[in-house]
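Novice: Sending over a structure as C-alpha cells; questions will come in a sec.
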Amino acid sequence: MTDAPSPTSVARPGPRGRRRAAIALALLAAAAALAALPTCSPRPAQRHVIVVLVDTLRRDALGCYGNADGVTPNLDALAAEGVRFEQAISTSGWTLPAVASLLTGTWPTIHGGMGKGTAVFPIREGLPTAAEWFLERGYRTCAITNATFVSPYLGFDRGFQLFDHRDAYNIIIRRADETIDAALDFLREHRADPCFVFVHIFDPHLDYDPPEDYRTRFTRGRELPAAPLSMEACRALQSPAGPPPAPADIAYVRGVYHGEVAFVDAQIGRLADELRRLGLYDAAAVVVTSDHGEEFWDHGGFEHGHTLYDELVHIPLIMKLPAGAPRPAAPVGAQVRIIDVLPTLFDLLGWPAPESFAGVSLLPWLRGERGDDLIAFCESTMYGSDKLAWRDGAHKYIHDLDPEAEVKYELYNWREDPGETVNLFDRDPHLAHRYHQELARFYEDLKKQAARLPPTRLRDLSPQQIESLRSLGYVR
Numbered sequence: 001m002t003d004a005p006s007p008t009s010v011a012r013p014g015p016r017g018r019r020r021a022a023i024a025l026a027l028l029a030a031a032a033a034l035a036a037l038p039t040c041s042p043r044p045a046q047r048h049v050i051v052v053l054v055d056t057l058r059r060d061a062l063g064c065y066g067n068a069d070g071v072t073p074n075l076d077a078l079a080a081e082g083v084r085f086e087q088a089i090s091t092s093g094w095t096l097p098a099v100a101s102l103l104t105g106t107w108p109t110i111h112g113g114m115g116k117g118t119a120v121f122p123i124r125e126g127l128p129t130a131a132e133w134f135l136e137r138g139y140r141t142c143a144i145t146n147a148t149f150v151s152p153y154l155g156f157d158r159g160f161q162l163f164d165h166r167d168a169y170n171i172i173i174r175r176a177d178e179t180i181d182a183a184l185d186f187l188r189e190h191r192a193d194p195c196f197v198f199v200h201i202f203d204p205h206l207d208y209d210p211p212e213d214y215r216t217r218f219t220r221g222r223e224l225p226a227a228p229l230s231m232e233a234c235r236a237l238q239s240p241a242g243p244p245p246a247p248a249d250i251a252y253v254r255g256v257y258h259g260e261v262a263f264v265d266a267q268i269g270r271l272a273d274e275l276r277r278l279g280l281y282d283a284a285a286v287v288v289t290s291d292h293g294e295e296f297w298d299h300g301g302f303e304h305g306h307t308l309y310d311e312l313v314h315i316p317l318i319m320k321l322p323a324g325a326p327r328p329a330a331p332v333g334a335q336v337r338i339i340d341v342l343p344t345l346f347d348l349l350g351w352p353a354p355e356s357f358a359g360v361s362l363l364p365w366l367r368g369e370r371g372d373d374l375i376a377f378c379e380s381t382m383y384g385s386d387k388l389a390w391r392d393g394a395h396k397y398i399h400d401l402d403p404e405a406e407v408k409y410e411l412y413n414w415r416e417d418p419g420e421t422v423n424l425f426d427r428d429p430h431l432a433h434r435y436h437q438e439l440a441r442f443y444e445d446l447k448k449q450a451a452r453l454p455p456t457r458l459r460d461l462s463p464q465q466i467e468s469l470r471s472l473g474y475v476r
C-alpha cells in the first residue's frame, strides 16, 4: 500500500499535466467571463390571440356600457380586467364590409367586400389578411364562422389553416355553445403552439331565439308573441305605414334579444374559464367586439344594413391583453375604429402591420401617450340608398348618395345628442360645408386608390346561400 503524501508534500505534475491544468484554467476563466455577462431573458410564453366577433351586438346591451339589467356579467368582468373602448366605430352597418374591414384593416372601398342583396363582391384578391400575416409568422390559424357573409365564397378563409364554416338559416344556426366548443377543440389540440383564432358568433341576429332558460329572463314577465321572433313577427307590432311600435312592444323585443346576448355572454365566460384551466389565459390576448348593432326603431326603422346611425356603427370593443401589456386606469374615451384592432395586436407581438392596413396600433392610447380621436369613415348599405358617414370627436356627418333622397345631408353633435335626433345641417351651414368637403376629399382619394388595385368580381350567390339570406330577412 502506497503511503499518502504528507500535508506538506505537494505532487508536482509533469509537462502533460501542466498543459491539462492550463486548459482547465482557461475553460474556468471562460466560464467565469460568460457568467459575468448579462443573462438573456427567458423565451416569453406563447401568446394566443383570440378575436371574438358577436354579430349584431348592440353596444348598449352590455352592462359595462350602461345596461343595468345584468345581461353580460362575464363581458363586464372581462372589461374590468382589460380595456374598454368607449367610442369604437365600425366601417359599416352590415356584416360583409364590417368583418372584411376588421380582417384587412382597411375601408370597404379598398377591400371591396360590399354589395346589395344577393349580388355581392368578395374581399379583393392580393390584399393581405390578418390570418395570412399570422400564418407567415409561424402562428396556427383557425376561424369558426356562421353566416354566408363571412364564408369562404367571399374570401374570408384566406390564411386560415382551419376554416370551420356554416351558413345560418333563420333559427337553424350553430349556437354560441357549439361555436365556442369548436374553438376550444382547436386551442386544446394546439395549446403548445401560438394560435390566432377568429370566432364569429351569430346568436343575436334575427330570428331572436334564445335558449329556453333565457327567453323571458329580460322581458319583465311578458311571453307573447312567443320566441322565436322573426322579422315578420317584429314588424307586425307596428302598422305598415304607421309609427314605431308602442314602447312596451319595443321593450319586449329588446328583452328577447337580450336573452340571446345573455346566452352568448355565458359562453364567452366559459371560453375564458377554459383558457384559465389550460394555462393559456394570462399570456393570451382576447378581444370581443361586433360588426354592427341593431336598430330597434331608434330612427323609425328596424334591424340593420340600411343606415349608418350610431345604433348600428357604434360598437362595443373590449381587449383583455397579455400580462405585462399596457393597461390604462380608465376606459379609453378617444374615438377608435374597427380597423385598428388587428394593428394593435400586431404591435403587441412586435410586428409591423401590412402596408395596406389603414388602421393604427392603439398601444400609444393604452400607454397614455396619445388621447386624440381618430377619424372614422363608414360606408355601404345592404339595401336602400347608399350612404357615407364621417365621424370625428364631436360631430357626425351623413351623406345619402341617392340624388332623390328625402334627407340628403345630416349633421349631428353626437356628444350632446347621442341619439342623433337634431339635424344641424341647415342650422350651421359653415360647419356642414367643412364636413362635406372633408368627407368628399377622403372618399374621392379612396376611390382613386381602389382604381389602382386589381378589380374584384361580382359574385352571384348559390341557391342555398340565397335561401339562407331569405330566411334571415335579407332578400327584399
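For the sequence shown, UniProt numbering gives the first residue as 1, with consecutive numbering after it.
The C-beta atom is built at its ideal place from N, Cα and C for all residues, glycine as well.
Taking only three categories from DSSP, how would you classify L388?
Specialist: In this structure, L388 counts as strand in the three-state DSSP scheme.
Novice: Measuring alpha carbon to alpha carbon, tell me which residue in E379, P418, T307 and E260 is nearest F218.
Specialist: Among E379, P418, T307 and E260, the Cα nearest to that of F218 belongs to E260.
Novice: Drop a sphere of 10 angstroms on the beta-carbon of E379, count the other beta-carbons inside from all chains shown, and report buried for 16 or more, exposed for fewer.
Specialist: E379 is buried by the Cβ-count criterion.
Novice: Where does G63 land, buried or exposed, given buried means 16+ other C-beta within 10 angstroms?
Specialist: Buried, by the Cβ-count rule.
Novice: Could you compute how far the alpha carbon of K408 sits from the alpha carbon of D185?
Specialist: Approximately 50 Å, taken between the alpha carbons.
Novice: Sorted by chain position, which residues of the same chain lie with C-beta nearer than 6 Å to G126's C-beta, five sequence neighbours on each side aside?
Specialist: Once the five neighbours on either side are set aside, the close Cβ partners of G126 are P454.
Novice: To the nearest angstrom, how far is the alpha carbon of C195 from that of L349?
Specialist: Cα-Cα distance, rounded: 12 Å.
Novice: State the CB to CB distance for the pair V341 and L96, rounded to an integer number of angstroms; the pair is presumed to be in contact (CB under 8 Å).
Specialist: Incorrect: roughly 17 Å between the Cβ atoms, too far for contact.
Novice: Kindly indicate which three-state DSSP category V120 falls into: helix, strand or coil?
Specialist: It is a strand residue.
Novice: Exposed or buried, E303, counting other C-beta atoms within 10 Å across all chains shown (16 or more means buried)?
Specialist: Buried, because 16 or more other Cβ atoms sit within 10 Å of the Cβ of E303.
Novice: Beta-carbon within less than 6 Å of V475's beta-carbon, same chain only, minus the 5 sequence neighbours each way: which residues are those?
Specialist: Here the set comprises L469.
Novice: Assuming L342 is part of the beta strand (DSSP E), what are its boundary residues?
Specialist: Premise fails: L342 lies in the alpha helix (DSSP H), V341 to L348, not in any beta strand (DSSP E).
Novice: Taking all protein chains shown into account, decide if G305 is buried (16 or more other Cβ within 10 angstroms of its Cβ) or exposed.
Specialist: Classification of G305: buried, given that the 10 Å Cβ count is 16 or more.
Novice: Could you check what DSSP says for A33 in three-state terms: helix, strand or coil?
Specialist: Unreliable positioning characterises A33 in this predicted model, as indicated by a pLDDT of 39, which lies under 50. The coordinate reading is nonetheless provided below. Helix.
Novice: Does the beta carbon of P204 sit closer than 8 Å to a beta carbon anywhere in chain C?
Specialist: In the structure shown, chain C does not exist; there is a single protein chain.
Novice: Tell me, to the nearest whole angstrom, how far the beta carbon of L401 is from that of D386; I am working on the premise that it is less than 8 Å.
Specialist: L401 to D386, Cβ: 4 Å. Contact.
Novice: Consult DSSP for P381 and reduce its assignment to one of helix, strand or coil.
Specialist: Pro is not the amino acid found at residue 381; the sequence shown has Thr there. Here T381 sits in coil by DSSP.
Novice: Identify the residues that DSSP records as bridge partners of T179: which are they?
Specialist: DSSP, once it has assigned bridges, lists no residue as partnering T179.
Novice: From the DSSP output, in three-state form, read off Y139 for me.
Specialist: Coil, per DSSP.
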